[in-house]
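Student:
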Amino acid sequence: MDLLAHHLNEIKIPAQGDKIYKDECMFSFDNPESETGLYVSLTSFLGFGRCHVERYFRKTGHSVFLHIRRERREVQSPTLGDGPEKKITRLAIGVEGGFDPNSQKKLFEFEDIYNLVILPDFATISWPNSDLPDIVRKSVQAILDIDSATKLAELESLSNTWDGETRSVSKFAANLTQLDNGIKIPPSGWKCEKCDKIENLWLNLTDGSILCGRRFYDGTGGNNHAIEHYTITNYPLAVKLGTITKEGKADVFSYAEDDMVEDPLLIKHLAHWGINIANMEKTEKSMIEMELELNQKSNEWMALQESAGQLKPMYGPGYTGMVNLGNSCYLNSIMQMIFNIPDFVKKYVDCASTIFDNANMMNAADDLAVQMAKLGVGLVSGTYSIPPPKGSPPDADSPGISPIMFKTLVGRGHADFSTKKQQDAQEFFLYLLTLLERVNKNDFNPGNCFKFQIEDRVQCAATKKVKYTCRDECVLSLNIPLEAAVNKDEVAAYELRKSELETNGKKIDPNALVRPRIKFFSCLEVFTQTENIDQFYSTALKAKTTARKSTRFASFPDYIVIQLKKFTLREDWVPIKLDVAVEMPDLLDLNSFRGHGQQPGEELLPELVTSVPAPDFDEAVLSQLQEMGFPMEACKRAIFFTRNTGLETASSWIMEHITDADFSDPFIPPGTESSAFVPDPQALPLITSMGFTQEQATKALKATDNNVERAVDWIFSHPDELESTTAPAAPPFKDGNGQYKLVAFVSHMGPSSMVGHYVVHILKDEHWVIFNDNKVALSENPPKELGYLYLYQRL
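Take 1 as the starting number for the sequence shown in the UniProt record's numbering and just add one per residue.
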C-alpha cells in the first residue's frame, strides 16, 4: 500500500464516454485470455500485453495498472450433440441469427481474475480490496463497469447494419387499397393462377391473386408471374404464402419500393381475404433463407473454399488467420495480401518497435501507423498461429487475430467501411491506399509499389494530329468480354438442357454447371483496343469532330493488381455478378502493351488556349437519371455522348458504360482536357465558401483527387503546404520490366458484392495457401480462374 501511495496523483477515474481499452493490447493481439493477461493503465485507460506494458511505462512514467487475466474452462452440456444445428436466418456473419465463424460444439465458462500491478517491479495487490484508497477503488470499478472501446465501436457499426431482417415500413401499408371482390383464401392447397407452381407463391394484398415469384439465378423459384401482375395492375404489396406465422410475421414485398418491407397492418390485410393467422403454420422458407440456401449450395462456394477436400492446416510465421468481424472478410483478404509484400513488411513490421516507441500514446488508437504495425506483426510473426492442443477435434482451428482496432480506425467516418455490411474488396483496397498516401506524404509510402500510369493517345480524325495524356492508377480494372468465350457451344448446350429441365419442373445438377471460359488476354485486348470518340473537340479545328483513342501502359509497377469486373447490371437494372471462368496465366508479359509517347512524324494538337462553351444538358433527363441513383457526372456523360436525345438513349449508354473506370469522375468534354489539374467546378465554391482562397481550394482538391471532404481535412492538416508556393513533387512511379508472376488472388463467392464471402490464395514457398478468415491451409486446387482480384509481382 505504501508503494501505491506514491502514485495516487496519476490515477484518474474514467467517466461515461471515455474510451477504455480492456479487451486487447494497443500494440499486439494479447488479451485477457493470453497467458500473461492484459494490463490497463489507471491513468490513460489504454491496455497492453506483458511485452509492451514496460515500453509504455518507460515512455510515460504511468505506473499503476489493472491486470486482467481470464481463465476459460470447458463445460459439458447435457444436450451437447443432440438436436438440430443452429439455424442460420440472416445474411450476415457474427450477428445473432447469422453465420457464427467461431462456432464449435463446445461450451465454456469464464472467470476473470483481477489484480493491481505497480511497475517497474510488477508489485501486485489483489482486487477487490477494501483497504485500497478511494480513488483507486473508484477508478478500477469504473474501468470494470463502463463498456470497452471495442464494444462501443461494435455498437456504432451495427447501428445502420442490414442483417437480413431489419426492414422499413412500407409507405403503402397504412392506406392500402383492398378490393371487395369476394375472394377468400384457403389455409392451404395454393397454386399459381397462371402456371402449375405450388411453391414460392405470393398473395397480392390488393386483389387477392395468388401468383408465383421470381426465378432465381440458379433456375429455381417461380416463373415471374407475380411481378408481371404488378406491371399490369400496379398493386404494390404481396405476402409470401407459407411464411405467415401465428405471430403475424411474414415475408412482404413491395414491388413499387423494390424491397422487402414491414406491413404493421398485415393481420388486418390478411383478414380481408379470410386468413386467420391463428390457423397458419410457417411451411416455406423465407426469402432470406432461400438466398442463404442458394449461396451455400452453389458449387462456386465449394470451389473457392476448397470445401471438397480435407485441407492441411498451416501454422507459424506468415500463416496467421484473421477473425471475421461480421462480414469483414473483404478486409481480411486485402490485409493478408499486402502483408506478403516486402515494402509493407519493411515499413510496418521491421520498424514496429520504432513506430510503437514514437507513437503518441494518448492517441494510439487513432494512429494508422501503429495499427498497421500491430496488424503486420500479428500476421507475420507467427505468435498467434499455433496448432490446437493435443486431443482437439480434427476440425479445430487456430483462433487467429481480431482486427477490430484496425477496422474501427480505417472505417471511422466512412459511410460503408464503418459498418458491419459486406463491402467490395477492390474499393477497400483503393481506400486503404488513399489513407496510406495521406499519412505518408513526406515519407516512404509502401503503397507506391502498386502505382502506375496509363497513357491515352487520341488522334483527331480530321487533322491526324495527336494528343497524349497520362493518368495515375493503382488497379488495372478490366471488363470481361463474354462474346470471347472459347466454349460457346458447351455453354449453349448447357443453357438448352437447363431450360428443358425447368420447363418440366426439374432442376439441373449444380455440379453440371458450364461457365463461359475466357482467355485473360481477351480482357486485356478490350482494354487496349482502339475506340472511336464522338464529339471530340479538336483544338486544331476549333470545332467538334471524331477521334480515335488507344490506351497503353506508361509505366509498370513492382506489383500490379488486376480487377476482373464481375459486378454489373442486367438489362432490367438488377445488379448481378458474372459467373465466368477467366484463364489467368501464372506468368504474364505486358511489355507489348507499353506506350512510347510522341513518335517521329507525329504532330501534337495545340494546347487549348480559349475557353470552350460548356455543353448543354437536358435538365429533365439529368434529374431523372439522378433519381435512378446514378452519379451526377455519369449522367452528364450519358447525355453528352447521346447528344441530348432523351432518357432512353442516355439510360442505354449508362448500361453499356457503368463499368468504365472514369464513370463517376468529374466530366470534361473530350478534347478539352488540360495537362494542368482541373478542379471540380462544383467542389471549388463549396470550399471557398468556408473562407479559403481559390488557390488554397485548388491545391487541396488536387492533393485529394477532387474529393471535397478529404480536401477540407487536407487543408487543416497541411497549413505549411498551403503557404508554400512550391509545387509538391510529382508522385513516384516505379518502372521496369513488364513481366510478372502471379503471387496471390482474392475470390468472391455470392451473387452480389454486398453479400457473400471473400477468401484469398497466396503463393508461399512455391505452394498455394488459402486464407479463409481464421482458417489457413495448404491449397490443393487453387481456383485461379474464379478470382476477382489478382496480384502479380514483377520478375
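For every residue, glycine included, the Cβ atom is placed at its ideal position computed from N, Cα and C.
Computed from a prediction, not measured in an experiment: that's the story for all the values here.
Beta-carbon separation of Y792 and Y431 under 8 Å?
Tutor: Their beta carbons are not under 8 Å apart, which means Y792 does not touch Y431 by this criterion.
Student: What alpha helix (DSSP H) runs, 4 residues minimum, are completely inside the region 375 to 412?
Tutor: List check, alpha helix (DSSP H) in window: 404 to 411.
Student: Quick check on this structure: which residue in I668, F428, T469, L237 has the alpha carbon closest to the alpha carbon of A174?
Tutor: When only C-alpha atoms are compared, the closest one is L237.
Student: Alpha carbon to alpha carbon, how far is S522 from residue 796? Give it in angstroms, no decimals.
Tutor: This structure cannot speak to residue 796, because the chain is shown only from 1 to 795.
Student: How many whole angstroms separate the CB atoms of I135 and L46, which I take to be in contact at a CB cut-off of 8 Å?
Tutor: Not confirmed; about 19 Å, so no contact.
Student: Below 8 Å, how does it come out for the region 58 to 72 and the region 33 to 49: are there three or more Cβ pairs, yes or no?
Tutor: Because the criterion of three Cβ pairs below 8 Å is met, the region 58 to 72 and the region 33 to 49 touch.
Student: Can you check which of these residues, F29, N31, W190, I118, is closest to E54 by C-alpha distance?
Tutor: Checking every option, the nearest Cα to that of E54 belongs to I118.
Student: Go ahead and pull the three-state DSSP assignment for N332.
Tutor: In this structure, N332 counts as helix in the three-state DSSP scheme.
Student: So what does S747 bridge to, in DSSP terms?
Tutor: Paired residues: V759.
Student: Assign E96 to one of two classes, buried (16 or more other C-beta atoms within 10 Å of its C-beta) or exposed (fewer than that).
Tutor: With a pLDDT of 48 at E96, under the threshold of 50, the modelled position of this residue cannot be trusted; read the value that follows with caution. With fewer than 16 other Cβ atoms within 10 Å, it is exposed.
Student: Within 10 Å of its beta-carbon, does L292 have 16 or more other beta-carbons around it, so buried, or fewer, so exposed?
Tutor: With a pLDDT of only 45 at L292, under 50, the local geometry of the prediction cannot be trusted, and no value is derived from it.
Student: Three or more C-beta pairs closer than 8 Å, one from the region 220 to 232 and one from the region 203 to 212: is that the case here?
Tutor: Output reads yes: the region 203 to 212 touches the region 220 to 232.
Student: In the structure shown, what three-state DSSP assignment does I355 receive?
Tutor: I355: helix per DSSP, three-state reduction.
Student: Using the Cα positions of I275 and S170, report the straight-line distance between them to the nearest angstrom.
Tutor: The straight-line gap from Cα to Cα measures roughly 21 Å.
Student: Output needed for D589: all residues of its chain with C-beta closer than 7 Å, excluding positions within five of it in sequence on either side, in chain order.
Tutor: G738, Q739.
Student: Identify every residue that forms a DSSP beta bridge with R517.
Tutor: In DSSP, R517 forms a bridge with A581.
Student: In whole angstroms, what is the alpha-carbon distance linking Q626 and P666?
Tutor: Computed Cα separation, rounded: 15 Å.
Student: With Q563 and S477 assumed to form a contact (beta carbons below 8 Å), what rounded beta-carbon distance in angstroms separates them?
Tutor: Yes, Q563 and S477 are in contact; Cβ-Cβ is about 4 Å, under 8 Å.
Student: Verify whether the separation of the beta carbon atoms of P403 and L375 is less than 8 Å.
Tutor: Result yes, Cβ atoms of P403 and L375 sit closer than 8 Å.
Student: Measure how close the beta-carbons of E673 and T469 come, nearest whole angstrom, since I'm counting them as under 8 Å.
Tutor: Sure, about 6 Å apart at Cβ, within 8 Å.
Student: Got a sec? Which residues, its chain only, sit under 7 Å from E785 by beta carbon, not counting five neighbours each side?
Tutor: Hits under 7 Å: A581, V582, E583, M584.
Student: Between the Cα of T60 and those of S254, F356, D489, Y114, spot the shortest distance and give me the residue it belongs to.
Tutor: Nearest of S254, F356, D489, Y114 to T60, Cα basis: F356.
Student: Is DSSP giving T177 helix, strand or coil here?
Tutor: Three-state result, T177: coil.
Student: For the region 644 to 664 against the region 615 to 623, are there 3 or more C-beta pairs whose distance is under 8 Å?
Tutor: The region 644 to 664, when compared against the region 615 to 623, does touch it at the 8 Å Cβ threshold.
Student: In this structure, how does DSSP classify S170 when only helix, strand and coil are distinguished?
Tutor: Correct three-state label for S170: coil.
Student: Report all residues from its chain with a CB closer than 7 Å to the CB of F344; omit the five preceding and five following residues, and keep chain order.
Tutor: Contacts found: I338, G376, P446.
Student: If you follow the beta strand (DSSP E) that S477 is in, where does it begin and where does it stop?
Tutor: Start and end: 475 to 478.
Student: Please work out which residues of its chain come closer than 7 Å, Cβ to Cβ, to T568, disregarding the five sequence neighbours upstream and downstream, and give them in chain order.
Tutor: If we look at T568 and ignore the five residues flanking it on each side, its Cβ neighbours are I576, L578, I658, T659.
Student: Smallest Cα separation from A485: which of F520, A744, Q16?
Tutor: Nearest option by C-alpha distance: F520.
Student: Quick one: measure Cβ to Cβ for F663 and I639, integer angstroms, because I've assumed they're closer than 8 Å.
Tutor: In fact, because the Cβ distance is near 14 Å, the residues do not count as touching under 8 Å.
Student: Three-state secondary structure (DSSP) at F428?
Tutor: The answer is helix: DSSP assigns F428 an H, G or I state.
Student: Measure the C-alpha to C-alpha separation of I146 and D18 and round it to an integer number of angstroms.
Tutor: Distance between the alpha carbons of I146 and D18: 9 Å.
Student: CA-CA distance, H757 and L270?
Tutor: Their backbone Cα atoms lie some 37 Å apart in a straight line.
Student: Short of 6 Å in beta carbon distance, which residues of its chain neighbour P679, apart from the five on each side in sequence? Order them along the chain.
Tutor: Answer for P679: T698, L701, listed in chain order.
Student: Return the chain-ordered list of same chain residues with a C-beta closer than 6 Å to the C-beta of S298, the five sequence neighbours on each side being excluded.
Tutor: Model confidence at S298 stands at a pLDDT of 46, short of 50, so the residue's coordinates are unreliable; what they give is reported in the following sentence. Nothing meets the Cβ criterion.
Student: Nearest by alpha-carbon distance to D23: which of L144, L795, Q16 is it?
Tutor: The candidate whose alpha carbon is nearest that of D23 is L144.
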